[in-house]
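The structure appears right after this line, and notes come after that.
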Amino acid sequence: MGVIKLNEGLVEQIRGYLDKQEKIREEILESSRKVIRLSSRTIAAIHRKEDEKAGEFLSKAREELAALIEIIRDQPQLFESGLVMSAQQEYGEAAIFRSLVNNGKLLTPEEVGIPYKPYLFAISDLCGEVRRYALDSIRSDDVQTAERMLSLLEDIFTFLMEFDYPDAVLPGMKRRQDMVRKMLELTRGDVTLAVRQLRLENALKKGQ
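The numbering of the sequence shown is our numbering, which starts it at 53 and goes up by one.
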């Protein structure tokens with residue numbers, strides 16, 4: 053049998069390709085973390101009622117997400133990678149949540165600038181933030197805002213239930229739908245109790 057000679061040219065060619073992939077992955081990881089961090093700060097600012105800061109964080113997150121997409125522009129196989137989709141999902145959650153709180157509008161994927169899958173995942177995840185906003189409103193005796201958040205949750209749940217697909221198409225979507233259903237039921241109970249309490253207090257004031 054003959055001896056296979058080491059093809060140095062081939063080795064360098066493969067190494068060059070893999071080195072490039074490693075560099076791209078590191079850039080994606082760093083950029084994705086920035087998007088997620090800025091998106092988290094956006095949501096935190098919204099809960100603190102600091103909309104101007106929320107807008108600033110969201111703008112920076114949008115810019116970083118654009119930079120991330122530019123990194124993978126020539127790598128189409130990476131568009132649905134976990135790191136990229138996580139960044140899109142977190143940014144989408146922050147952008148849509150801010151819009152819901154400010155004007156009750158559910159932004160479209162085109163308005164947010166993300167694909168359909170991370171868009172749907174973002175909507176399902178932001179329901180936890182909507183519930184938290186409703187509970188904070190109840191604690192602040194702002195029952196009207198709490199009722200508005202409940203109404204938004206009901207609309208979001210109805211929207212999400214339109215997408216009945218297996219995990220091969222929408223991984224974990226059925227679990228997310230169940231989670232949103234539970235949050236909706238809990239929030240409905242909390243808001244209903246707050247409304248009854250408010251009516252009782254008003255009735256007692258009138259009777260004095």
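Where is the CB? At the ideal position from N, CA and C, for every residue including glycine.
Taking a contact to mean a Cβ-Cβ separation below 7 angstroms, would you say residue i touches residue j in this structure?
{"i": "residue 121", "j": "residue 80", "result": "no"}
{"i": "residue 246", "j": "residue 190", "result": "yes"}
{"i": "residue 174", "j": "residue 196", "result": "no"}
{"i": "residue 152", "j": "residue 204", "result": "yes"}
{"i": "residue 64", "j": "residue 86", "result": "no"}
Alpha carbons only, please: which of the options is nearest the one belonging to residue i?
{"i": "residue 88", "options": "236, 154 and 137", "result": "137"}
{"i": "residue 169", "options": "78, 67, 212 and 179", "result": "212"}
{"i": "residue 198", "options": "175, 149, 249 and 242", "result": "242"}
{"i": "residue 107", "options": "163, 201 and 150", "result": "150"}
{"i": "residue 171", "options": "185, 208 and 194", "result": "208"}
{"i": "residue 126", "options": "139, 116, 72 and 225", "result": "72"}
{"i": "residue 186", "options": "244, 65 and 219", "result": "244"}
{"i": "residue 102", "options": "223, 226, 82 and 154", "result": "154"}
{"i": "residue 90", "options": "113, 227 and 69", "result": "113"}
Tell me which residue opens and which closes the alpha helix (DSSP H) that residue i is part of.
{"i": "residue 156", "result": "Per DSSP, residue 156 belongs to no alpha helix (DSSP H) and is neither H nor E."}
{"i": "residue 195", "result": "195-212"}
{"i": "residue 102", "result": "Element bounds for residue 102: n/a, residue is neither H nor E."}
{"i": "residue 188", "result": "168-191"}
Taking all protein chains shown into account, decide if residue i is buried (16 or more other Cβ within 10 angstroms of its Cβ) or exposed.
{"i": "residue 144", "result": "buried"}
{"i": "residue 192", "result": "exposed"}
{"i": "residue 110", "result": "buried"}
{"i": "residue 311", "result": "Here the chain covers residues 53 to 260 and nothing more, so residue 311 does not appear."}
{"i": "residue 84", "result": "buried"}
{"i": "residue 37", "result": "For the chain, the structure presents residues 53 to 260; residue 37 sits outside this window and is missing."}
{"i": "residue 202", "result": "buried"}
{"i": "residue 97", "result": "buried"}
{"i": "residue 94", "result": "buried"}
{"i": "residue 220", "result": "exposed"}
{"i": "residue 264", "result": "Nothing in the structure corresponds to residue 264, since the chain is present only between 53 and 260."}
{"i": "residue 183", "result": "buried"}
Compute the minimum distance between the beta carbon of residue i and the heavy atoms of the ligand MN, and state whether it is under 6 angstroms.
{"i": "residue 136", "result": "The model depicted lacks the ligand MN and carries no ligand whatsoever."}
Tell me, please, whether the stretch 124-133 touches the stretch 148-165 by the rule of three or more beta-carbon pairs shorter than 8 angstroms. no
Touch test, the stretch 227-243 against the stretch 171-181, Cβ-Cβ under 8 angstroms, three pairs minimum: yes
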